[in-house]
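> Below is a structure I'd like to ask you about.
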Amino acid sequence: MATYEFTVSVRTQYLPEQSDPERTSFVFTYSITIKNTGTVAAQLISRHWVITDANNHVEEVRGLGVVGHQPLLQPGEQFEYTSGSALQTPQGSMVGEYFCVAEDGHQFEAKIPEFVLSLPRTLH
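Residue numbers for the sequence shown follow the UniProt record's numbering, beginning at 1 and rising by one.
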């Protein structure tokens, strides 16, 4: 039986050299690994992000692919990329989904688990 699943993992990093706390600009990178843990080859077509800062300011981002790519992943293959986000607060979070199409035409969403963007040593 065919299964359709991408597993997503995330690593984050604060970039002090690109941030300006006096101007409430905090820049973070996030590195994403997307792995096809299903049994059918599938392509990542588009993304949807919900970015929330510590003041509950919400920004939604939608777009085709990721960093200019729409990777086609065979079962067991993975794709990694790094992108970034700037917040007006030293903490925030991101959550979202990738919209995917399997080679047999089946459409599915791959959930991106919520992750925290935070300056080092600011969470207890």
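No residue lacks a Cβ here, since even glycine has one placed at the ideal position from N, Cα and C.
Just so we're clear, the structure is a prediction, and the values are computed from it rather than from any experiment.
The beta strand (DSSP E) that contains glutamate 97, what's its start and end?
Within the sequence shown, residue 97 is the residue found at index 97, counting from 1. Unbroken beta strand (DSSP E) run through glutamate 97: 91 to 102.
> Under 7 Å Cβ to Cβ from glutamate 97, same chain only, skipping five residues before and after it: list those, please.
Against the sequence shown, residue 97 aligns to sequence position 97. Excluding positions up to five away in sequence, the list reads His48, Glu109, Ala110, Lys111, Ile112.
> If you pair each beta-carbon of the segment 19 to 30 with each one of the segment 56 to 71, do three or more pairs fall below 8 Å?
With a cut-off of 8 Å, the segment 56 to 71 and the segment 19 to 30 do not count as touching, because too few Cβ pairs lie within range.
> Shortest alpha-carbon distance to valine 67 belongs to which of Leu44, Arg11, Val40, Ser83?
As a position in the sequence shown, residue 67 is number 67, starting the count at 1. For valine 67, the nearest C-alpha among the options comes from Ser83.
> Going by beta-carbon coordinates alone, are glycine 65 and serine 46 separated by less than 8 Å?
Residue mapping note: residue 65 aligns to position 65 of the sequence shown, counting from 1. Residue mapping note: residue 46 aligns to position 46 of the sequence shown, counting from 1. Going by C-beta atoms, glycine 65 is nearer than 8 Å to serine 46.
> Residue range of the beta strand (DSSP E) that valine 36 falls in?
Numbered from 1 along the sequence shown, position 36 holds the residue referred to as residue 36. Reading off the sequence shown, one finds asparagine at residue 36, where the question assumed valine. First-last of the beta strand (DSSP E) with asparagine 36: 26 to 36.
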